[in-house]
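For reference, the structure discussed in these notes is given below.
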Amino acid sequence: MSDVSLMVNGKRVSGAAEDRTLLVHFLRENLGLTGTHVGCDTSQCGACVVHVDGKAVKSCSMLAVQASGSTVVTIEGLANGADLHPVQAAFKEHHGLQCGFCTPGMIMTATDMISRHPEGLDEATVRAELEGNICRCTGYHNIVKAILAASKTMKGSKGRAKQA
Ligand code: FES
Ligand code: FES
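In the working numbering, the protein residues as written are 88 to 251.
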């Protein structure tokens, strides 16, 4: 067992974890942050994407001990109280989800994507950047629409692309 200490959604958390414990399981089982989903456990689906030190990471591809000392943001950390993050609001407005299973990972990937493209995004870029996120319901069309809309809303804004 090793001690794992992280900043998660703005709070310092710590706990003991087996060395083989994946970050996604630490978040879900030790911290109860079940918004981060497990779709495959093999780095294929993107349901488990979180931000680690400001970058989108598949949390099933990282050990909890590797993440120790890092700052992590999960889907639970995006909204500001009752105010949805602009990417969450765009998914809602543009019907970017059906069953919702892929949605946390899609939104965490999208917020990272938008923060790396403050000049705005085009459809081809969004589709290329979503290659690591699988949705079994939507056909992607409304997801892409939602991300393009959020990118437009957030263009030039420094404030809410992601929370540290
Ligand atoms: Fe991590 Fe599928 S659960 S990529
Ligand atoms: Fe169902 Fe994407 S909304 S898997």
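No residue lacks a Cβ here, since even glycine has one placed at the ideal position from N, Cα and C. Owing to the predicted nature of the structure, the values given are computational and were not obtained by experimental measurement.
Would you say D128 touches ligand 1, meaning its beta carbon is less than 7 Å from a heavy atom? The residue labelled residue 128 in the question sits at position 41 within the sequence shown. Correct: D128 has its Cβ closer than 7 Å to ligand 1.
Buried or exposed for E216, please, with buried defined as at least 16 other CB atoms from any protein chain shown within 10 angstroms of its CB. Within the sequence shown, the letter at position 129 stands for residue 216. E216 comes out buried.
With distance defined between alpha-carbon atoms, name the residue in R107, C127, N117, E116 nearest to G192. Working through the sequence shown from its first residue, we reach residue 192 at position 105. Of the listed residues, the one whose Cα sits closest to G192 is C127.
Is DSSP giving D199 helix, strand or coil here? By one-based count along the sequence shown, residue 199 stands at place 112. Residue state, collapsed to three classes: helix.
On the premise that A236 lies in contact with A177, defined as a C-beta separation below 8 Å, what is that separation, rounded to the nearest angstrom? In the sequence shown, residue 177 corresponds to position 90, counting from 1. In the sequence shown, residue 236 corresponds to position 149, counting from 1. Indeed, because the Cβ distance is near 5 Å, the residues count as touching under 8 Å.
Buried or exposed (CB count within 10 angstroms, at least 16 for buried), R99: Walking along the sequence shown from the start, residue 99 turns up at place 12. Answer is exposed; the Cβ neighbour count stays below 16.
Own chain residues within Cβ distance below 7 Å of T123, not counting five before or after: Taking the first residue of the sequence shown as 1, we reach residue 123 at position 36. Contacts found: V111, L114, R115, C135, V137, S146, T161, I162, P191.
At a threshold of 7 Å, does R214 count as lining ligand 2 (C-beta to nearest heavy atom)? Within the sequence shown, residue 214 is the residue found at index 127, counting from 1. Outside the cutoff, so no.
Which same chain residues, not among the five before or five after G102, have their C-beta less than 7 Å away from its C-beta? Walking along the sequence shown from the start, residue 102 turns up at place 15. Excluding positions up to five away in sequence, the list reads V91, N117.
Is it right to say H172 is buried, meaning 16 or more other beta carbons lie within 10 angstroms of its own, or is it exposed? Position 85 of the sequence shown, counted from the start, is the residue given in the question as residue 172. Buried, by the Cβ-count rule.
Is the beta carbon of S148 sitting closer than 8 Å to the one on S130? What you label residue 148 is simply residue 61 of the sequence shown in a count that begins at 1. What you label residue 130 is simply residue 43 of the sequence shown in a count that begins at 1. Yes. Within cutoff.
Going by DSSP in three states, T167 sits in which element: helix, strand or coil? Here residue 167 is taken as the residue at index 80 of the sequence shown, counted from 1. With the sequence shown as reference, residue 167 is identified as Asn, and Thr is not the correct amino acid for it. Secondary structure at N167: strand, using DSSP grouped into helix, strand and coil.
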